[in-house]
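Have a look at the structure below, then the notes.
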Amino acid sequence: DDSLLVFGLAELDSELGNYQEAIQGYAQLDNRSIYEQTGVSTYQRIGYAYAQLGKFEAATEFLEKALELEYDDQTAFELASLY
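Residue 40 in the UniProt record's numbering sits at position 40 of the sequence shown, and the numbers go up by one each step.
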């Protein structure tokens with residue numbers, strides 16, 4: 001299973017500011033599976049990347065999805081900061 005490798009590369013892209021590439025990587029992954037393995041929501045990561053790109057509507061959509069599945073203070077803060 002290459003999902004953790006894809007996840008790691010997406011994390012690296014995000015850290016380097018390559019947000020579009022990070023989104024593409026995260027989008028290939030099953031959110032629930034990655035969350036169970038790492039404790040990280042790919043929806044939250046996609047939402048954060050969209051926010052960094054100034055695509056606030058898409059960011060809001062993904063951050064809300066992340067919160068629906070698993071409440072997290074950081075995600076809630078990121079979502080609130082978009083308003």
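C-beta atoms are modelled at their ideal positions from N, C-alpha and C, and glycine is treated no differently.
Everything numeric in this text was worked out from a predicted model, so none of it was measured.
For the 7 Å CB-CB criterion, Tyr50 and Ala59 form a contact. Taking C-alpha positions only, Gln24 is separated from Leu16 by approximately 15 Å. Between the alpha carbons of Ser81 and Leu69 lies a distance of about 20 Å. Under the three-state reduction of DSSP output, Asn18 falls in the coil class, being neither helix nor strand. Of all alpha-carbon atoms in Leu4, Ser14, Asp1, the one lying nearest the alpha-carbon of Leu53 is that of Ser14.
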